[in-house]
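Engineer: Please see the structure below; I have some questions.
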Amino acid sequence: MLDYRIIRKISAIGAACAATFAMVGILSRGVAEVPRVMAEAKMDHKTPGYSADVAPILNKNCGSCHSAAQHKSGLVIESYSALMKGGRHGQVILPHDAKASRLIRMIEGEDDPQMPFESDPLSAAEIAILKSWVNAGAPGPAGNEVAAIVKTPATPDIRPEVNVISPVTSVRFSPDGKLLAVGGYKQVRIIEPASGSLRATLSGHADYVRSIAFSPDGTLIAAAGGEPQSQGEIRIWSVESHQLIKTLQGHKDCIYSIAWSPDGKTIASGSYDRMVKLWDVATGKELFNLQDHIDAVFAVAFSPDGKRLASASQDRTVKIWNVATGRRLYTLSDASDGLTGVAYSSSGREVAAAGYDKTIYVWRVAEEDGHLSQSLIADEDSVLALAWSPDGKAIVTASSDGSIRFRDAATLNPISVIDKQPDWVQALSISPDGKWLAAGRYDGSLSLYDVTSYKELRAPMMVFDLKQPSNGKTSKEAAGR
Ligand code: HEC
1 MLDYRIIRKI SAIGAACAAT FAMVGILSRG VAEVPRVMAE AKMDHKTPGY
51 SADVAPILNK NCGSCHSAAQ HKSGLVIESY SALMKGGRHG QVILPHDAKA
101 SRLIRMIEGE DDPQMPFESD PLSAAEIAIL KSWVNAGAPG PAGNEVAAIV
151 KTPATPDIRP EVNVISPVTS VRFSPDGKLL AVGGYKQVRI IEPASGSLRA
201 TLSGHADYVR SIAFSPDGTL IAAAGGEPQS QGEIRIWSVE SHQLIKTLQG
251 HKDCIYSIAW SPDGKTIASG SYDRMVKLWD VATGKELFNL QDHIDAVFAV
301 AFSPDGKRLA SASQDRTVKI WNVATGRRLY TLSDASDGLT GVAYSSSGRE
351 VAAAGYDKTI YVWRVAEEDG HLSQSLIADE DSVLALAWSP DGKAIVTASS
401 DGSIRFRDAA TLNPISVIDK QPDWVQALSI SPDGKWLAAG RYDGSLSLYD
451 VTSYKELRAP MMVFDLKQPS NGKTSKEAAG R
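In structure tokens:
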């Protein structure tokens with residue numbers, strides 16, 4: 001059912017952390033582990049040890065899809081305790097019984113699909129090591145080591161290139177277009193797009209900030225993300241004072257997308273936990289849990305009148321909801337693969353979505369039903385982000401083929417393309433006046449484009465490298481006023 005594009009795409013979207021932090025983890029573990037490995041080796045020459053023998057095989061071959069950030073099928077392989085906990089279908093390792101252990105059965109091809117998914121099987125030697133370790137009782141790491149992923153690149157032995165700059169995972173213009181909020185690892189940075197200067201850093205978020213929304217009056221900013229496999233969070237900040245106002249919690253996995261209703265009263269969120277939630281901004285309470293998607297929800301959008309919500313999912317569907325009642329109205333199921341982006345036209349009469357099947361779908365949406373009005377294979381690879389211009393005339397997509405494409409929303413004919421992007425563009429936002437496009441990339445860079453000339457306004461910024469206005473003070477006074 002799943003195909004490998006989904007996985008590649010998921011690695012493109014939220015999980016920049018998987019690759020970067022896995023790398024950091026392996027390096028720092030490599031350094032810290034020497035004495036422990038020796039201890040294990042002394043203990044028993046025949047039984048493979050977890051740290052010395054098993055973890056390296058699993059990290060190398062399985063980590064890209066079974067990390068804290070990816071957790072395909074719910075399985076995290078990067079620590080002993082997570083591995084023993086198992087996946088969506090329960091334990092994958094039954095100590096002393098390799099034959100019955102699902103992990104072993106899957107690497108040997110006895111259970112489908114064979115792991116590692118869509119790539120070469122492990123070598124016979126590697127399989128033998130894992131089997132003999134399981135048959136020896138799958139002993140944990142020596143001592144009380146927790147071979148968990150190391151998230152802070154703090155060890156002095158780490159080379160500078162590992163001191164990673166966060167990818168840009170979300171970006172949003174303020175309603176007046178004067179500010180740009182950029183989300184990355186545990187932070188939101190507010191910059192002035194005109195000058196490129198940093199106004200504030202909002203810190204303390206759990207993991208990546210995967211989506212940002214401003215209140216329609218521009219006074220509040222909501223930043224969403226959360227700890228994969230644990231809980232989603234939405235933090236609401238004052239734009240003026242940079243104070244945290246409240247935190248909304250309830251999702252059981254990280255949030256990929258949020259939207260603020262046009263009347264300012266409601267926030268919608270879509271999560272990896274397959275749920276869509278509507279929140280009351282004033283009380284911080286959950287109003288409705290919209291439960292109907294059968295896989296991760298990657299995008300949500302309100303209709304311009306605020307009465308409808310569209311949600312797009314890995315399950316290949318867009319669902320249209322009644323915001324007042326929380327009732328699902330209908331499902332648009334034309335896509336042949338997971339959907340990463342969804343947007344309403346400015347008239348509210350159409351909804352567009354795109355994702356891994358490289359296709360833009362546009363539906364005419366009525367009260368009780370919607371019909372596909374057009375679709376086009378628009379990009380050469382998965383669509384990572386989609387936006388509809390505020391005047392309703394253009395649909396913009398960013399694809400892992402390295403392009404940002406502008407298309408006529410009425411015909412889907414190409415208007416312009418900005419290609420040769422230095423890295424995947426995962427986050428797009430068009431300024432409310434429709435003049436600028438902000439594009440945030442996996443490599444941590446952010447570019448602003450003039451939408452009339454399609455030229456870059458200035459050199460790309462490394463947003464998470466920008467200096468604070470002064471020693472951490474981020475108020476107006478620090479900005480020199
Ligand atoms: C390219 C991505 C990818 C890689 C690499 C990968 N897996 Fe998987 N894994 C998946 C996907 C997708 C599923 C869900 C398959 C399904 O249910 O159809 C899965 C499911 C599993 C499951 C079942 C978990 C459960 O409870 O449902 C096990 C066990 C597993 N993988 C082990 C491994 C091991 C061991 C490796 C490395 C040798 C590995 N995987 C490498 C993508 C991957």
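Numbering (the numbering used here), first residue to last: 1 to 481.
Beta carbons: idealized from backbone N, C-alpha and C, even for Gly.
(1) Out of M461, G444, K467, D465, point me to the one whose CA is closest to P482's CA.
(2) Counting only the same chain and skipping the five closest in sequence on each side, list residues whose C-beta sits under 7 Å from that of D419.
(3) Of the choices V297, S215, E126, D253, whose alpha-carbon is the least far from that of D280?
(4) Could you pull the DSSP bridge partners for M461 from this structure?
(5) Comparing alpha-carbon positions, which option in M106, K99, D97 lies nearest G87?
(6) Would L179 be called buried (16 or more neighbouring beta carbons within 10 Å of its own) or exposed?
(7) Return the Cβ separation of Y256 and S238 in integer angstroms, given the expectation that the two are a contact with Cβ distance under 8 Å.
(8) Looking only at its own chain, which residues have a Cβ that is under 8 Å from the Cβ of I258, when we skip the five neighbours before and after it?
(9) Could you pull out every unbroken beta strand (DSSP E) segment of at least 3 residues lying fully inside the segment 333 to 385, listed in chain order?
(10) Can you look up G74 in the DSSP assignment and give me helix, strand or coil?
(11) Hey, quick one: how far does the alpha helix (DSSP H) through K307 stretch, first residue to last?
(12) Using a threshold of 7 Å, state whether the C-beta atoms of G306 and K246 are closer than that.
(13) Going by C-alpha to C-alpha distance, which of A282, A312, W436 sits closest to I294?
(14) Does the distance from the C-beta atom of L386 to that of A410 stay below 7 Å?
(15) Do three or more CB pairs link the segment 286 to 293 to the segment 333 to 344 at distances below 8 Å?
(16) State the start and end residues of the unbroken alpha helix (DSSP H) segment that holds V126.
(17) Give a single yes or no on whether G87 has its beta carbon closer than 6 Å to a heavy atom of the ligand HEC.
(18) Evaluate contact between the segment 343 to 350 and the segment 317 to 334, counting only Cβ atoms and requiring at least three cross-stretch pairs below 8 Å.
(19) Helix, strand or coil: which one does DSSP assign to K85?
(20) Around the Cβ of Q243, are there at least 16 other Cβ atoms within 10 angstroms (buried) or fewer (exposed)?
(21) Residues in the same chain with beta-carbon distance under 7 Å from D44, minus the five sequence neighbours each way, listed in chain order, please.
(22) Quick one: give me the first and last residue of the alpha helix (DSSP H) that P56 is part of.
Structural biologist: Quick look at the numbers:
(1) Outside the displayed span of the chain (1 to 481) sits residue 482, for which this structure offers no information.
(2) Sequence index remark: in the sequence shown, residue 419 carries index 419 (1-based). These residues qualify, in order along the chain: G402, S403.
(3) Here residue 280 is taken as the residue at index 280 of the sequence shown, counted from 1. For D280, the closest C-alpha among the options V297, S215, E126, D253 is that of S215.
(4) Numbered from 1 along the sequence shown, position 461 holds the residue referred to as residue 461. L446.
(5) Along the sequence shown, one-based indexing puts residue 87 at 87. Of the listed residues, the one whose Cα sits closest to G87 is M106.
(6) Looking up residue 179 in the sequence shown gives position 179. Classification of L179: buried, given that the 10 Å Cβ count is 16 or more.
(7) Within the sequence shown, numbered from 1, the residue matching residue 256 stands at position 256. Within the sequence shown, numbered from 1, the residue matching residue 238 stands at position 238. Wrong, their Cβ atoms sit about 24 Å apart, outside the cutoff.
(8) For the purposes of this step, residue 258 is taken as the residue at position 258 of the sequence shown. So the list reads S211, I212, A213, A222, A224, I234, I267, A268, S269, G270, V300, once near-sequence residues are dropped.
(9) 339 to 344, 350 to 355, 359 to 365, 370 to 377
(10) As a working mapping, residue 74 is identified with position 74 in the sequence shown. Helix.
(11) Counting from 1 along the sequence shown, the entry for residue 307 is found at position 307. Looking at the DSSP string, K307 is not in any alpha helix (DSSP H), and its letter there is neither H nor E.
(12) Stepping through the sequence shown from its first residue, residue 306 is reached at position 306. Stepping through the sequence shown from its first residue, residue 246 is reached at position 246. Against a cut-off of 7 Å, the Cβ pair of K246 and G306 comes out as no contact.
(13) For the purposes of this step, residue 294 is taken as residue 294 along the sequence shown, with counting starting at 1. With distances taken between Cα atoms, I294 lies closest to A312.
(14) As a position in the sequence shown, residue 386 is number 386, starting the count at 1. As a position in the sequence shown, residue 410 is number 410, starting the count at 1. Going by C-beta atoms, L386 is not nearer than 7 Å to A410.
(15) Flag = no, the segment 286 to 293 and the segment 333 to 344 do not touch.
(16) Stepping through the sequence shown from its first residue, residue 126 is reached at position 126. A small fix is needed here, since residue 126 is Glu in this sequence, not Val. E126 -> alpha helix (DSSP H) spans 124 to 135.
(17) Within the sequence shown, residue 87 is the residue found at index 87, counting from 1. Yes, the ligand HEC has a heavy atom inside 6 Å of this Cβ.
(18) no
(19) Reading the sequence shown from its first residue, position 85 is the one you call residue 85. K85: helix per DSSP, three-state reduction.
(20) Here residue 243 refers to the residue found at position 243 when the sequence shown is read from its first residue. Taking all protein chains shown into account, Q243 has fewer than 16 neighbouring C-beta atoms within 10 Å of its C-beta and is therefore exposed.
(21) For the purposes of this step, residue 44 is identified with residue 44 of the sequence shown, where counting begins at 1. In this prediction, D44 has a pLDDT of 44, which is less than 50 and means its spatial position is unreliable; nothing more can be read from the coordinates.
(22) Along the sequence shown, one-based indexing puts residue 56 at 56. From DSSP, the alpha helix (DSSP H) with P56 extends over 55 to 62.
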